[in-house]
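Colleague:
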Amino acid sequence: MKSLILITVLSALVACYEASAELPGGYSVVYDDTVDGNVMPNTEINARNQNFRLIYEVVAVASAAIGRVKNSFVTYQGPNNVRVDRLVITNHVQPASVFHSTLGTNNMEVRFVSNVSQPISSTVRMYQRSGAGRAFGEPAFHLVVLVLMYFGFSQLA
Numbered sequence: 002m003k004s005l006i007l008i009t010v011l012s013a014l015v016a017c018y019e020a021s022a023e024l025p026g027g028y029s030v031v032y033d034d035t036v037d038g039n040v041m042p043n044t045e046i047n048a049r050n051q052n053f054r055l056i057y058e059v060v061a062v063a064s065a066a067i068g069r070v071k072n073s074f075v076t077y078q079g080p081n082n083v084r085v086d087r088l089v090i091t092n093h094v095q096p097a098s099v100f101h102s103t104l105g106t107n108n109m110e111v112r113f114v115s116n117v118s119q120p121i122s123s124t125v126r127m128y129q130r131s132g133a134g135r136a137f138g139e140p141a142f143h144l145v146v147l148v149l150m151y152f153g154f155s156q157l158a
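The opening residue of the sequence shown carries number 2 in our numbering; numbering runs sequentially from there.
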């Protein structure tokens, strides 16, 4: 009977190990308008981000303190014509909880709360849908400014 229990436990451990090997590039939690908090492998996220463009990326870190819980905040305040449509969080150390503000605005705040005596180490990426708006400094904006300046100066001369 003891050997049967031992074999069952070992086979469960092997199954868990094989399941963890299915995500070789790691995993991330994706928040967007279609699903809320969907866990995806990083390779699948890269394939699905073709309709999005990265607008902000930062690594949130906080060192461990023995017997204490740590907090880390990530804040993004973009121009009015930029909207955060997708939030991707890759946790290198699993935090106790993650809170974020609503999507679809130009301001985003993400708060990490660690487990007791653990650090915080997470990568936060914010995306905007491609073609949803243009940030200041893009080539199309400069082309419009140059055309207006050219025609404006030619009218004066």
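Using N, Cα and C, we set each Cβ at its ideal position, and we do this for glycine too.
Is it a yes or a no for the segment 73-80 touching the segment 27-34, going by three-plus beta-carbon pairs under 8 Å?
Modeller: The segment 73-80 vs the segment 27-34: no contact.
Colleague: What is the DSSP secondary structure of Arg49, counted as helix, strand or coil?
Modeller: Walking along the sequence shown from the start, residue 49 turns up at place 48. It is helical.
Colleague: Check each candidate in Val40, Ile56, Asn50 and Ala66 and name the one with the smallest Cα separation from Ser115.
Modeller: One-based indexing of the sequence shown puts residue 115 at position 114. Cα-wise, what sits closest to Ser115 is Ala66.
Colleague: With a threshold of 16 other CB atoms inside 10 Å of the CB of Arg69, please say whether the residue is buried or exposed.
Modeller: As a working mapping, residue 69 is identified with position 68 in the sequence shown. Per the 10 Å Cβ criterion, exposed.
Colleague: Cα separation between Val60 and Thr124?
Modeller: Working through the sequence shown from its first residue, we reach residue 60 at position 59. Working through the sequence shown from its first residue, we reach residue 124 at position 123. Each residue's alpha carbon lies about 4 Å from the other.
Colleague: Can you say whether Asp86 is buried or exposed, counting buried as having 16 or more other CB atoms within 10 angstroms of its CB?
Modeller: Counting from 1 along the sequence shown, the entry for residue 86 is found at position 85. Its Cβ being crowded by 16 or more others within 10 Å, Asp86 is buried.
Colleague: Determine which residues share a DSSP beta bridge with Ile121 and list them.
Modeller: The count along the sequence shown starts at 1 and reaches residue 121 at position 120. Ile121 is bridged to Ala63.
Colleague: DSSP three-state label for Thr103, please.
Modeller: As a first step, residue 103 must be located in the sequence shown, where it is residue number 102. In the structure shown, Thr103 sits in coil (DSSP, three-state: anything other than H, G, I, E or B).
Colleague: Going by DSSP in three states, Asn82 sits in which element: helix, strand or coil?
Modeller: For the purposes of this step, residue 82 is taken as the residue at position 81 of the sequence shown. Three-state DSSP puts Asn82 in coil, outside helix and strand.
Colleague: Counting along the chain, where does the beta strand (DSSP E) carrying Val30 start and finish?
Modeller: Looking up residue 30 in the sequence shown gives position 29. That run of the beta strand (DSSP E) goes Tyr28 to Asp33.
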